[in-house]
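S.K.:
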Amino acid sequence: MLALVFVALVLLGTLAGAVACFVFLPLLPAIAAVIVGVPLVPWLAVTLYGLVRRAQPIRPFDAAEQQRDAAGLGGEGRHVRTADGRIVEYLVYGSRHPDARVIVQIHGAGTTGGWQCGMNAALCEELKLKGIAPSMPGYGYSDPLPGRRIADFPRDLEAILEAEDVGEFMVEGTSLGTAHAMAVAWHFGPDRCVAMGLNVPYLSEPICREFDFQHDGDKLPKTDARAWYQAWNFVAADLMYRAPLISPPARHMGGLPDGGKVKAERPWVFEALGADQRRLVVRGTQGQGWDQFSYDVNTRWGFDPREIETRAVAVWYAEDDRQCPPSHGEWLAGLFESRDSVTTSVRCLDEGFGHFTFLPSLGSEFRTGEETMPATLLELAGEARSAGESEA
Numbered sequence: 002m003l004a005l006v007f008v009a010l011v012l013l014g015t016l017a018g019a020v021a022c023f024v025f026l027p028l029l030p031a032i033a034a035v036i037v038g039v040p041l042v043p044w045l046a047v048t049l050y051g052l053v054r055r056a057q058p059i060r061p062f063d064a065a066e067q068q069r070d071a072a073g074l075g076g077e078g079r080h081v082r083t084a085d086g087r088i089v090e091y092l093v094y095g096s097r098h099p100d101a102r103v104i105v106q107i108h109g110a111g112t113t114g115g116w117q118c119g120m121n122a123a124l125c126e127e128l129k130l131k132g133i134a135p136s137m138p139g140y141g142y143s144d145p146l147p148g149r150r151i152a153d154f155p156r157d158l159e160a161i162l163e164a165e166d167v168g169e170f171m172v173e174g175t176s177l178g179t180a181h182a183m184a185v186a187w188h189f190g191p192d193r194c195v196a197m198g199l200n201v202p203y204l205s206e207p208i209c210r211e212f213d214f215q216h217d218g219d220k221l222p223k224t225d226a227r228a229w230y231q232a233w234n235f236v237a238a239d240l241m242y243r244a245p246l247i248s249p250p251a252r253h254m255g256g257l258p259d260g261g262k263v264k265a266e267r268p269w270v271f272e273a274l275g276a277d278q279r280r281l282v283v284r285g286t287q288g289q290g291w292d293q294f295s296y297d298v299n300t301r302w303g304f305d306p307r308e309i310e311t312r313a314v315a316v317w318y319a320e321d322d323r324q325c326p327p328s329h330g331e332w333l334a335g336l337f338e339s340r341d342s343v344t345t346s347v348r349c350l351d352e353g354f355g356h357f358t359f360l361p362s363l364g365s366e367f368r369t370g371e372e373t374m375p376a377t378l379l380e381l382a383g384e385a386r387s388a389g390e391s392e393a
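Shown next, in the form of structure tokens:
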């Protein structure tokens, strides 16, 4: 709301200033003043607003609030403090049996671990899986980490796995979460990360340039998000997630090229996203200012997925995906299918749901009556284990 009011005041002030120029100055100086001042004044004002918002602290972490929130999603709210003092939230759900297999499920952009919990809690219970859904830095109840790379994320997960006493685990990511899932598999190696699932994946800019793939990295500012003139990111975050009639972005997703059919046939998808986007900024919008528009976070990961050695891999992508080009999923599928030591599941669908193809199709939660990534990873991990034992 504050951002919207500020923008309105700036526009009114600029208009008043332009009128004043013609009232109090001769014609030619007035024209010159308007030409220079009309674009400059709003730019300076919005930049100043962004700098102020960036400097403001986020809300303090409230563990009791996070626990209540997680309970409403079917999980338990927990958190760890990293070696550098940051809070990282995560949700635990599904089986409570001490010997349950573990799956780490990583959300995409503009969402939190709460979204993963809400979709997967009942399914994980049925599959006898323990689900863990962390929130990335600056998302939900997690502290921001300005200047981070995706290769840094596994260190946050290390603290969580240690707190939960987890040895082997599977990892699944959706959209932006696929890059984080690959970082996890790359970091922990095949002996700990026994299966990896990629749901509508995308590739880093260096690989896209190497193979001449479509990518949207050029749309992002290429300088460090910590630069002063990146303050506009924080204005955009306020408008996206706090402005009346605009926020949250999920309310407008039905207008996307691949959103119309989703809104008509699976309305629960955008309803769940909208609810989680309010959770996304529960401690303030600054985390999204730091992260969502960061060129380094989104495109320069800090690792190469060709170095991943996980032996059970699922790659699911949509031929009609407008957000993560299908060529990225096809390349990743080919990468892992070409390895004799890797057991794979590849799905490429074109059903009109685009980027949202592999989200719950029968209701707001995944059910065992549909093909799901957790069930697929369980099967792949078992096949890979059997293959390894027979070779030994």
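Every number in the working numbering is 1 more than the matching position in the sequence shown, counting from 1. Ideal Cβ positions, reconstructed from N, Cα and C, are used throughout, including at glycine. Please read all numbers here as calculations on a predicted model, not as lab measurements.
1) Give the straight-line distance between the Cα atoms of Ala164 and Thr83, rounded to the nearest whole angstrom.
2) So Pro327 packs on Glu338, CB below 8 Å; how close in whole Å?
3) The beta strand (DSSP E) that contains Glu77, what's its start and end?
4) Using only alpha-carbon positions, find the residue among Val53, Tyr50, Ile151 and Thr112 that is nearest to Gly303.
5) Please classify Lys129 as buried or exposed, where buried requires at least 16 other C-beta atoms within 10 Å of its C-beta.
6) Out of Glu380, Lys264 and Asp305, state which residue places its alpha-carbon closest to the alpha-carbon of Phe354.
7) Any idea what DSSP makes of Thr373, helix, strand or coil?
8) I need the straight-line Cα distance from Ser96 to Asp213, nearest angstrom please.
9) Whose CA, out of Val201, Asp153 and Cys209, lies closest to the CA of Ala186?
10) According to DSSP, Cys349 sits in a beta bridge with which residue or residues?
11) If you check the beta carbons only, do Gly168 and Cys118 fall under 7 Å apart?
12) Spell out a yes or no on whether the region 261-281 and the region 336-350 are touching, meaning 3 or more CB-CB pairs, one atom from each, closer than 8 Å.
13) Given this structure, state the Cα-to-Cα distance separating Leu333 from Tyr142, to the nearest angstrom.
14) Would you check if the distance between the CB atom of Ala238 and the CB atom of Gly198 is smaller than 7 Å?
15) Given that a residue counts as buried once 16 or more other Cβ atoms are within 10 Å of its Cβ, and exposed if not, what is Asp192?
16) DSSP three-state label for Lys129, please.
17) Confirm, please, whether the CB-CB distance from Val47 to Asp157 is below 7 Å.
18) Could you tell me which uninterrupted alpha helix (DSSP H) segments, each at least 4 residues in length, are contained entirely in the region 137-210, listed from first to last along the chain?
19) So, is Arg284 buried or exposed, given that buried needs 16 or more other C-beta atoms within 10 angstroms?
20) Out of Val298, Ser205 and Leu52, point me to the one whose CA is closest to Gly330's CA.
21) Going by the DSSP bridge assignment, what does Leu92 pair with across the sheet?
22) Pull up the CB-CB distance for Ala71 and Gly132, whole angstroms please, since I reckon it's below 8 Å.
23) Rounded C-beta distance between Pro375 and Glu173? I'm assuming under 8 Å.
24) Among Glu352, Glu127, His98 and Pro138, which has the Cα closest to the Cα of Asp166?
25) Out of curiosity, what's the CA-to-CA distance linking Leu177 and Ala388?
M.R.: In terms of the structure at hand:
1) Counting only the Cα atoms, Thr83 lies some 11 Å from Ala164.
2) Between Pro327 and Glu338 the beta-carbon gap is near 15 Å, outside 8 Å, which marks them as no contact.
3) Residues Glu77 to Arg82.
4) The shortest C-alpha separation from Gly303 is found at Ile151.
5) Classification for Lys129: exposed.
6) For the residues Glu380, Lys264 and Asp305, the minimum Cα distance to Phe354 belongs to Lys264.
7) DSSP places Thr373 in coil when its eight states are reduced to three.
8) Straight-line measurement puts the Cα of Asp213 at about 44 Å from the Cα of Ser96.
9) Checking every option, the nearest Cα to that of Ala186 belongs to Asp153.
10) Answer by DSSP bridge pairing, in chain order: Tyr318.
11) Taking 7 Å as the Cβ cut-off, Gly168 and Cys118 do not qualify as a contacting pair.
12) Contact fails: fewer than three Cβ-Cβ distances are below 8 Å.
13) Cα to Cα, Leu333 sits roughly 32 Å from Tyr142.
14) Not a contact, by the Cβ cut-off of 7 Å.
15) Exposed: under 16 other Cβ atoms inside 10 Å.
16) In the structure shown, Lys129 sits in coil (DSSP, three-state: anything other than H, G, I, E or B).
17) Val47 sits away from Asp157, with the two beta carbons spaced by 7 Å or more.
18) DSSP runs (the alpha helix (DSSP H)) wholly in the region 137-210: 154-164 and 177-189.
19) Arg284 is buried by the Cβ-count criterion.
20) That would be Ser205, whose Cα lies nearest to the Cα of Gly330.
21) DSSP lists Gly78 and Ala134 as partners of Leu92.
22) Not really, about 12 Å apart at Cβ, beyond 8 Å.
23) At roughly 7 Å, the Cβ-Cβ gap stays under 8 Å, so Pro375 and Glu173 are in contact.
24) Comparing Cα positions, the closest option is His98.
25) Take the alpha-carbon of Leu177 and the one of Ala388: they are about 31 Å apart.
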